[in-house]
Structures are given as structure tokens and as C-alpha cells.
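Student:
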């Protein structure tokens, strides 16, 4: 058993790559260009919310949605991973992502879709209020 454990440990250690050529990346929040929302919600129903954003380069890839709940307010942004130390081409490609939203109560929901920052560094949002009927 000791020999098997030693052999397995050696195999794991020797199979690890020590190359410094791994691609590093960072996360970047991208502005949402537009969002598709219904005129109203019905309590207990699920709705698909479609978001459009612009992928600026070939080094950008969708990573996740930033989604924060605060009462009946939802703040949403698109997060991309961006490859570092790689030659990237500008593409300005329109992309679409969606998420499902479940209506849990009968009060109006406020959605704040992040659209970037103004000249003073303040966040800009596309704000949509959707009543529940």
C-alpha cells in the first residue's frame, strides 16, 4: 500500500506543469446595451430576461452575470473574462445572454442594468420598473 501511495504521489507531482506560459486572465464588467422586459409580471410566473452587450475583443469571453437583490430592486451586469498577454483583435460583436426571473411577490420590481460610468466615475444604469398584476 505504501508503494502505491508513493507511486501515486510521484505521478501527481511529475504530471504538474511548471510552465510560465499559462495564459493569465482578469475579469471585466461590460455595459449592457439593452434588455428585453415584459410590460408587467404575474406573481408566481417565471420570465426569461434577455440582455444585449458588446464583446469588444477576441480575448473577451462571457464569465457570469453580476446579479444583486436588494428588496424588489435587482442590479444586473455582464462579467467577462479577458485573456492577458495575448494579441487580441477588436470585434465589437453584439452578444446576447439571458436569465430566468421568478416573480415572488405582488410589488413592482425595479431592474437596474449597468451601462458603464459617467465622466466622474458614477455608475450609469438603464432602469426599468415592472409592475406585478
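In the working numbering, the protein residues as written are 949 to 1081.
Glycine residues also receive a C-beta, built at the ideal position from the N, C-alpha and C atoms.
If you drop the 5 nearest sequence neighbours on each side, which residues of the same chain put their C-beta closer than 6 Å to that of residue 1045?
Tutor: Closer than 6 Å at the Cβ level, and outside the excluded window around residue 1045, lie 999.
Student: Ignore the nearest five residues each way along the sequence and tell me which others in residue 974's own chain have a CB closer than 8 Å to its CB.
Tutor: Hits under 8 Å: 1029, 1030 and 1032.
Student: For residue 993, tell me which candidate among 1074, 1064, 1069 and 1054 has the shortest Cα-Cα distance.
Tutor: Ranking the options by Cα distance to residue 993, first place goes to 1054.
Student: For residue 1016 versus residue 1062, is the C-beta spacing smaller than 8 Å?
Tutor: Going by C-beta atoms, residue 1016 is not nearer than 8 Å to residue 1062.
Student: When DSSP labels each residue in this structure, what does residue 1009 get in the three-state scheme?
Tutor: Note: residue 1009 maps to strand in three-state DSSP.
Student: Check residue 1002 in the structure and name its three-state DSSP category.
Tutor: Looking at residue 1002 - three-state DSSP - the assignment turns out to be strand.
Student: Can you give the Cα-Cα distance for residue 1081 and residue 1052, rounded to whole angstroms?
Tutor: Roughly 12 Å between the two C-alpha positions.
Student: Flag this pair as yes or no: are the beta carbons of residue 1075 and residue 1041 separated by less than 8 Å?
Tutor: No.
Student: Express the C-alpha separation of residue 984 and residue 1021 in angstroms, rounding to a whole number.
Tutor: If you take the alpha carbons of residue 1021 and residue 984, they lie about 17 Å apart.
Student: Which two residues bound the contiguous beta strand (DSSP E) that contains residue 1057?
Tutor: 1057-1065 is the extent of the beta strand (DSSP E) around residue 1057.
Student: Terminal residues of the continuous beta strand (DSSP E) containing residue 1026?
Tutor: Unbroken beta strand (DSSP E) run through residue 1026: 1021-1031.
Student: Which same chain residues end up closer than 8 Å to residue 1039 when comparing Cβ atoms and leaving out the 5 residues on each side of it in sequence?
Tutor: Contacts found: 1003, 1004, 1005 and 1006.
Student: Given a cut-off of 8 Å, decide if residue 1078 and residue 989 are closer than it, judged by their beta-carbon atoms.
Tutor: A contact, by the Cβ cut-off of 8 Å.
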